[in-house]
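Down below is the structure, laid out as structure tokens.
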Amino acid sequence: MHIRILDKYIFREVFMTFLFGICAFSAVFIGSGTLFKIAKYITDYGASLQAVVKIFIFGLPAVIMWTFPMSMLLASLLTFGRLSSSSEITAMKSCGIGFGRIAAPAILMGLIVSMCAIAFNEYVVPWANTAYRNVLYYEIQGNTGMKSQEHIILKDLNHDKIQRLVYARRYDAETQTLQGITLQEFNDEGQVSHVENAEYAEWSGNEWNMHNGMIYDIATEAGKSEHTMRFDSQRLPIKANPKQIVREQKDPEELTMKELKAQIEIMKTQYINTNKLEAELYQRVTVPMASLIFALIGVPLGLQPTRNSSSAGFAMSVIIIFFYYALMTMGNALARSGAIAPMLAVWIPNIVGLIAGFFLIRRASR
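No gaps in the numbering here: position 267 of the sequence shown is 281 in our numbering, and each next residue is one more.
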């Protein structure tokens, strides 16, 4: 019974400090980034109050996402620093409660925060980023025309199964053409049964026409031969006009993990470098998992006798966060350059943090 009361007490203390950390770090990010951008939109484009409010709201999820790990570290340092300086940790140990048992509530909360952050990063942040972009591009900047884009992907789905997939290396807004086109049609088993490649497709006003291409009928059964035919002009069977195509395309930050995986697979079939997308995909897990890593680091550091003030705990958290994000930036660069496999490169800061955390916990538990 006493252990349960102790768990609730420590958990509550960590949780309340965690909420304070989210508010504090969010205020820093908003003050140094979001408000500066809003001021720029008002002065440069004359953004309306309604658009500014939307930008502020839709920008919050991405900001809050980055504050989860920082807040977990700050909560662990401050909470255990206070418990240590007020001799509450000494009292717990004198009652025969080991370090592992004392640290368990904070580490459990770190795990819960990490799991919630992964879900938040999957279901809330991409949607908010898309809404942010649309408000900025169409309401504030007033862009009614189309813009050129790389890597255009269009899908026709039937009950979540892809029936037709169109990939274009580039959309040129000036000429209203799709360049480097590959069209794939799939059978009921999800296998590619028909492929059309074309040098480019132009918008005629009501439909897309491909030029200078090849048609391939793929053999899906034993004994069935492939059929190949060259064409000069061929209709591209998609209904979307240029404006719809541009609006349907998303930046990597706007894609869910499922959508990122699908896009990576599509681009790999076209032999396109996907290191950037793979780094983005793996960071959807590594950054939220940093909350657990920081809990493992923050708890033993908070028990150090020198961590007896809030200012010292805050300073220590800033230093650790700096080193973590420096490692993360380096890992991201290594992943995008292809020097190291994206999965391994993106996990570097978490692996280093995990090793440091277990080392500190082992030393603190002696």
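Glycine included, C-beta positions come from ideal geometry on N, C-alpha and C.
Query, Result
"Please report the distance separating the alpha-carbon of glutamate 210 from that of glutamine 198.", "7 Å"
"Going by CA-CA distance only, name the one from Gly112, Gly73, Ala38, Ile252 that's closest to alanine 89.", "Ala38"
"When the Cα atoms are used, what is the spatial distance from alanine 309 to arginine 26?", "15 Å"
"Looking only at DSSP bridge pairs, what is serine 247 linked to?", "His225"
"For the 8 Å Cβ check, are there 3 or more pairs between the segment 296-316 and the segment 72-92?", "yes"
"I'd like to check one pair, tyrosine 185 with serine 162: are the Cβ atoms closer than 8 Å?", "yes"
"Leaving out five residues on either side along the sequence, give the residues of the same chain with a beta carbon under 7 Å from the beta carbon of glycine 114.", "Ser379"
"Buried or exposed: where does asparagine 135 fall if 16 or more other Cβ atoms within 10 Å of its Cβ makes it buried?", "buried"
"Determine, using beta-carbon pairs with one atom in the segment 247-259 and one in the segment 221-228, whether at least three such pairs fall under 8 Å.", "yes"
"Taking DSSP's pairing of strands, which residues face aspartate 186 in a bridge?", "Thr191"
"So, at 8 Å on beta carbons, what are the nonlocal neighbours of glutamate 279 in its own chain, with the 5 sequence-adjacent residues on each side left out?", "none"
"Ignoring anything shorter than 4 residues, give me the alpha helix (DSSP H) runs that lie fully in the segment 58-86, in order along the chain.", "none"
"Looking only at C-alpha atoms, which of Asn364, Ile354, Met357, Gly219 sits nearest to phenylalanine 337?", "Asn364"
"Would methionine 243 be called buried (16 or more neighbouring beta carbons within 10 Å of its own) or exposed?", "exposed"
"Can you tell me whether DSSP reads alanine 212 as helix, strand or coil?", "strand"
"How would you label valine 28, buried or exposed, when you count the other beta carbons within 10 angstroms and need 16 or more for buried?", "buried"
"If distances are taken between C-alpha atoms only, which option among Leu341, Tyr59, Arg376, Gly345 comes closest to leucine 400?", "Not covered by the structure: residue 400. The range shown for the chain is 15 to 380."
"Going straight from the alpha carbon of phenylalanine 328 to that of glycine 367, what length do you get?", "18 Å"
"Tell me, to the nearest whole angstrom, how far the beta carbon of phenylalanine 32 is from that of serine 101; I am working on the premise that it is less than 8 Å.", "Contact doesn't hold; Cβ gap of about 23 Å is too wide."
"For methionine 330, is the classification buried or exposed, using 16 other Cβ atoms within 10 angstroms of its Cβ as the cut-off for buried?", "buried"
"Assess, as a yes-or-no matter, whether the segment 288-299 is touched by the segment 348-364 under the definition of 3 or more beta carbon pairs within less than 8 Å.", "yes"
"Assuming valine 77 and threonine 48 form a contact by the criterion Cβ under 8 Å, report the distance between their Cβ atoms to the nearest whole angstrom.", "7 Å"
"Just verifying my parser: in three-state terms, what is the DSSP assignment at glutamine 177?", "strand"
"Look at the alpha carbon of isoleucine 116 and the alpha carbon of glycine 110, and state the distance between them as a whole number of angstroms.", "11 Å"
"Thinking C-alpha only, which one of Ala347, Glu164, Phe200 is nearest leucine 179?", "Phe200"
"Based on the DSSP secondary-structure assignment, which residues constitute the bridge partners of tyrosine 230?", "Val209, Thr242"
"Residues bridged to aspartate 170 by DSSP?", "Arg178"
"Exposed or buried, phenylalanine 82, counting other C-beta atoms within 10 Å across all chains shown (16 or more means buried)?", "buried"
"Considering only the beta carbon of each residue, do glutamine 258 and leucine 269 sit closer than 8 Å?", "no"
"For threonine 191 and glutamate 164, which I take to be in contact (beta-carbon distance under 8 Å), what is that distance rounded to the nearest angstrom?", "Rounded, the Cβ-Cβ distance is 14 Å, inconsistent with contact."
"Distance check for tyrosine 55 and aspartate 202, CA to CA, integer angstroms please.", "49 Å"
"Assign asparagine 346 to buried or exposed, taking buried as 16 or more other Cβ atoms, counted over all protein chains shown, within 10 Å of its Cβ.", "buried"
"Take the Cβ of phenylalanine 72 as the centre, count every other Cβ of all protein chains shown within 10 Å, and call the residue buried at 16 or more, exposed below.", "buried"
"Is threonine 288 helix, strand or coil by DSSP?", "coil"
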